[in-house]
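Sequential numbering from 1 applies to the sequence shown in full-length UniProt numbering. C-beta atoms are modelled at their ideal positions from N, C-alpha and C, and glycine is treated no differently. What follows is a set of notes on a single structure, which appears directly below.
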Amino acid sequence: MKFLVNGRFLIMYKDYVFDNIDVLVSYLYARKNDMNAVMLQKSLYFLYAFYAGMYYQNTKQLDFKGDAPLPNELFKAEFEAWTYGPVIKEVFEKRAQGPEYYLDFLQSKEYTNAIEEIANKSYGSEVFTFIDDLFADISSRSTFSLVQRSHEDKAWIEAFEAGQVTMNNLDIILEYSEDVRSPRR
């Protein structure tokens, strides 16, 4: 979005790729409809963390394709530190009785419109390629290995050991920004 203010263009950027997390969850179920609840939660966590690690305030992508940069975060995250790793309670509650809510949402106009809107952005294909590639890797792993891996993250450890429910998103972002953007030795 561009707005003219006092003779200058002011560019407004989106905070999140997905304004509604139900759209992303349904998108994932379209790719793997037999996913269990724990795999879903770990998929959301790792997609969020790696996306933010790559794109959050990353100056290398600020002029992506000559248009607005990618949003800093994939979705508005409210992760909680549960025994089996990070969980988004809202998604947990909707998924508690099975995946039907999200499978039905796939057929909705809201889902179709949201996916089309993202696809039509200058960064749409980049985001969907990122999600598809990372989700293929995540979903090929065992649920237990994903839980174990999430237990290695400092943001989860600190929140869980302190008895806090809510994880700090900035801690997740900073940890993954360092891991993703720093060359491994």
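How many Å lie between residue 70 and residue 55 at the Cα?
Cα to Cα, the separation comes out at about 7 angstroms.
Give the single residue among 102, 16, 133, 23 whose Cα lies nearest to the Cα of residue 111.
23
Output yes or no for whether 7 angstroms exceeds the beta carbon distance between residue 106 and residue 30.
yes
Out of curiosity, what's the CA-to-CA distance linking residue 119 and residue 83?
Approximately 36 angstroms, taken between the alpha carbons.
Which residues in the same chain as residue 125 place their Cβ atom closer than 8 angstroms to its Cβ, once the five residues preceding and following it in sequence are excluded?
119
Quick check on the DSSP output: the beta strand (DSSP E) that includes residue 49 runs from which residue to which?
Residue 49 -> not in any beta strand (DSSP E); alpha helix (DSSP H) instead, spanning 37-55.
DSSP state of residue 123, grouped into three classes?
coil
So residue 85 and residue 156 are supposed to be a Cβ contact under 8 angstroms. How far apart are they, rounded?
6 angstroms
Within 7 angstroms, strictly: CB atoms of residue 41 and residue 87:
Residue 41 is a Cβ neighbour of residue 87, given a cutoff of 7 angstroms.
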